[in-house]
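Just below is one structure, and these are the notes that go with it.
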Amino acid sequence: MCFVRKSSCGYLLATVIFVCFLTAPRVGSAAVVKTVDNHGTWSLLGGYGFTHPGMGKTKKWVETVDLIFQHEQVLIDQIGSSWYQGRHSLLVELPVYLVVDPVLEPMVALNFLACWTFTANDESLPYVFGGGGPLYTDAEIQGMGAHLNGNYLFGAGLRYKIRGDRYLKFEYRFNHISNGGRKDPNDPLNSSKILFGITF
């Protein structure tokens with residue numbers, strides 16, 4: 169995929185998605201079936217991440233323990249019907265990735281993600297998302313030539329209702345980290361992250 173091999177393409181894709189969803193109208197079409205609380209919800213996610221050496225230009229094996237604070241802001245109320253009924257939202261999150269191999273150092277990011285949630289079933293809500301943002305780290309990982317990097321990702325997840333407005337969340341995301349060619353070396357980190365969390 170182009171953003172795996174060319175980080176500038178990934179940056180452009182993330183920016184376009186972010187701008188499109190941020191500027192989307194907040195009024196649904198005639199197919200709106202109900203109104204969503206536009207104050208959004210908070211989530212806390214935790215999990216594990218690992219790179220894929222050999223994918224694109226990724227060379228190093230890196231493992232992380234992840235903690236993500238996330239806020240969802242609904243942009244378009246629920247629209248459509250049947251299985252594709254859903255809503256558009258903007259996810260703003262502050263991830264902290266603690267690198268545990270090959271070094272012990274944190275990475276801190278700020279992400280803006282466009283999200284579509286399928287809402288036909290009130291008990292189980294699948295969702296997909298994509299976007300990115302800046303990431304800073306002091307981790308001395310061979311091949312990373314800069315402390316300030318771009319952090320681009322896409323993924324899918326499931327919200328499972330446990331009571332009231334509280335949901336458990338299960339999520340997979342593919343994550344690409346690079347400095348956009350600003351400094352050499354620029355070996356990207358292409359990784360998978362498996363996350364679990366709860367809304368509140």
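Note that the working numbering has the sequence shown beginning at 169, numbered continuously upward.
Heads up, the beta-carbon is just placed ideally off N, CA and C, and yes, glycines get one too.
Since the model is a prediction, treat every value here as computed from it, not as a measurement.
Does residue i come out as helix, strand or coil in the three-state DSSP assignment?
{"i": "S257", "result": "strand"}
{"i": "S250", "result": "helix"}
{"i": "R327", "result": "strand"}
{"i": "R334", "result": "strand"}
{"i": "N347", "result": "coil"}
{"i": "A307", "result": "coil"}
{"i": "E291", "result": "coil"}
{"i": "P270", "result": "coil"}
{"i": "T369", "result": "Limits of the chain in this structure are 169 at one end and 368 at the other, which puts residue 369 out of reach."}
{"i": "P221", "result": "coil"}
{"i": "A314", "result": "coil"}
{"i": "D355", "result": "coil"}
Taking Cβ to Cβ, would you say residue i is nearer than 8 Å to residue j?
{"i": "L326", "j": "L272", "result": "no"}
{"i": "L213", "j": "E339", "result": "yes"}
{"i": "T226", "j": "P353", "result": "no"}
{"i": "Y304", "j": "L321", "result": "no"}
{"i": "E231", "j": "V276", "result": "no"}
{"i": "L223", "j": "N358", "result": "Checking the displayed sequence, the identity of residue 223 turns out to be Met instead of Leu. Their beta carbons are under 8 Å apart, which means M223 touches N358 by this criterion."}
{"i": "K337", "j": "F364", "result": "yes"}
When you compare only the Cα positions, how much space is there between residue i and residue j?
{"i": "V233", "j": "R350", "result": "27 Å"}
{"i": "Y265", "j": "G254", "result": "30 Å"}
{"i": "H220", "j": "N319", "result": "16 Å"}
{"i": "G217", "j": "T209", "result": "24 Å"}
{"i": "I366", "j": "I236", "result": "11 Å"}
{"i": "W229", "j": "P270", "result": "7 Å"}
{"i": "L262", "j": "I345", "result": "15 Å"}
Roughly how far, in whole angstroms, is the beta-carbon of residue i from the beta-carbon of residue j, given that I think they are within contact range, below 8 Å?
{"i": "G301", "j": "N279", "result": "4 Å"}
{"i": "N347", "j": "A314", "result": "4 Å"}
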